[in-house]
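Per the working numbering, residue 49 is the first one in the sequence shown, and the count goes up by one each step.
For every residue, glycine included, the Cβ atom is placed at its ideal position computed from N, Cα and C.
All values reported here derive from a predicted model rather than from experimental measurement.
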Amino acid sequence: MSTPNQSLIIVKEPQGMPKYGEDLKLVDSSINLESADLQGGILLKTITMSLDPTLRNSMRIGQKSYARHYEAGKPIWGFGVSEVLRSEHPKWKKGDLLHSRETIMAQYSVLTGAQVDASTDEFFAKVDRVPELNITNYVSAAGMPGMTAWMSLKAIIGDFKKDSTIFVTSAAGAVGSLVCQLAKEAGSKVIASAGSDDKVRFLQEDCHVDRAFNYKTADVNAELAAFGGEKGIDYFFDNVGGPQLEAYLNHAAVYGVVIVCGVISAYNATADSPAPAIKNFPTSVLVKQLTVRGFIVSSFLKEQRETFFKSMPGLLRDGKIKFREDVREGMDALGPGMVDLLKGDHNGKMVVL
49 MSTPNQSLII VKEPQGMPKY GEDLKLVDSS INLESADLQG GILLKTITMS LDPTLRNSMR
109 IGQKSYARHY EAGKPIWGFG VSEVLRSEHP KWKKGDLLHS RETIMAQYSV LTGAQVDAST
169 DEFFAKVDRV PELNITNYVS AAGMPGMTAW MSLKAIIGDF KKDSTIFVTS AAGAVGSLVC
229 QLAKEAGSKV IASAGSDDKV RFLQEDCHVD RAFNYKTADV NAELAAFGGE KGIDYFFDNV
289 GGPQLEAYLN HAAVYGVVIV CGVISAYNAT ADSPAPAIKN FPTSVLVKQL TVRGFIVSSF
349 LKEQRETFFK SMPGLLRDGK IKFREDVREG MDALGPGMVD LLKGDHNGKM VVL
């Protein structure tokens, strides 16, 4: 008996902001859950998906990128949690919940035995679910955004300096809000920017940052100058790039550390609408002797994911870390949700259930 199996495919590489219905489409197909050929592999049911700005990089079909490209006409993927419905492979059994960075955006999918064998430890991990957490938490604060925040601070900063300060952009977002709280837990003072007054209130009231401002209405340079004083700001966790990066460079402390986690301001750049240039980058890095480090979470999964899963879910369960999720429901929410995410039209970590 056939079961409907919708999937979100990429039709072609988007030019600028992706368009749902043109660049991304939901397509219908079917699958026989009892007799689908697994070729020694597993049959998965997608439980929840994470929508993240970094997926935009995989849509650059004809360009070089750190991210593996999607293939035109085929389903896209991202971080998600799936349940094993059938298994012909000894590694996983029926009922296992699997966290993967390449969960197919389809209701059901098959991984052959060869594909399972080829998957590395950082590709799949079994979810040992904490009963008090929702399954969506494993693609938000206990998933990729949490891993990004936790692993980047551990790997690049390590122990925060005494009386240190940090500036976080896109701070009310999935990664930024966790960075703010983890930095506070480590004893650092935090200044954070966001794109609406509601997000600023969230940062003040829930994340308890020391200072928060709306970068669309505030003078970013004035905010950073007042917060950093003569010394400047020790750390910068950047999710955005553009003018806010330029502003930090003006107010960075000597020997400051810049973590480049995202470049939201450039994700939809085109030849006609290029990403904003950073005028003072080389000079500031040289004169202030800054350390600038890019961070891609997949490079750290193998060595740090086990430790992360032993730490972060407990912090969430105990209420020590606050987070917000923007939960959309159903396959037909995936495409519009991706567009909303890239436009900033969301309130919390975007997940689809």
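Distance between V345 and L230, taken at the CA atoms: about 17 Å. Going by DSSP, S218 is part of no alpha helix (DSSP H) at all; its letter is neither H nor E. Between the segment 204-220 and the segment 379-386, the count of C-beta pairs closer than 8 Å stays below three; the two stretches do not touch. By the beta-carbon neighbour count (other beta carbons within 10 angstroms, threshold 16), N53 is buried. Inside the segment 116-186, DSSP marks whole alpha helix (DSSP H) runs of 4 or more residues at positions 161-166, from first to last along the chain. Within 10 angstroms of the beta-carbon of G367 lie fewer than 16 other beta-carbons, which makes it exposed. Per DSSP, reduced to three states, the secondary structure at D388 is helical. Apart from sequence neighbours up to five positions away, the residues of its chain that approach H394 with a beta-carbon distance below 6 Å are D374 and D388, ordered along the chain. Counted as a single uninterrupted DSSP element, the stretch harbouring P52 is not any alpha helix (DSSP H) but the beta strand (DSSP E) occupying residues S50 to P52. In this structure, F215 lies away from V187, with their beta-carbon atoms at least 9 Å apart. With a 10 Å radius around the Cβ and a threshold of 16 neighbouring Cβ atoms, S78 comes out exposed. Counting every other CB atom within 10 Å of its CB across the protein chains shown gives D71 a total of 16 or more, marking it as buried. Apart from the 5 residues on each side of it in sequence, K327 sits with its Cβ closer than 8 Å to the Cβ of E294 in its chain, given in chain order. The C-beta separation of I307 from F343 comes to about 6 Å, placing the pair in contact by the 8 Å criterion.
Following the DSSP letters along the chain, one finds G342 in no alpha helix (DSSP H) but inside the beta strand (DSSP E) bounded by residues T339 to G342. The closest CA to that of M65, considering only M379, G392 and M199, is found on G392. The continuous alpha helix (DSSP H) containing A197 extends over residues M192 to S200. The alpha-carbon of D100 is positioned some 12 Å away from that of E150. Under the three-state reduction of DSSP output, E373 falls in the strand class. For Y296, the enclosing alpha helix (DSSP H) covers residues P291 to N298. I58 and S236 have their C-alpha atoms spaced approximately 42 Å apart. Between the alpha carbons of L74 and M379 lies a gap of roughly 8 Å.
A check of alpha carbon separations from R365 across E180, S135 and A120 identifies E180 as the nearest. Judged by beta-carbon spacing, L86 lies within the 9 Å limit of H137, meaning their Cβ atoms are closer than that value. Looking only at T96, A220 and K264, the smallest Cα-Cα distance to L146 is reached by T96.
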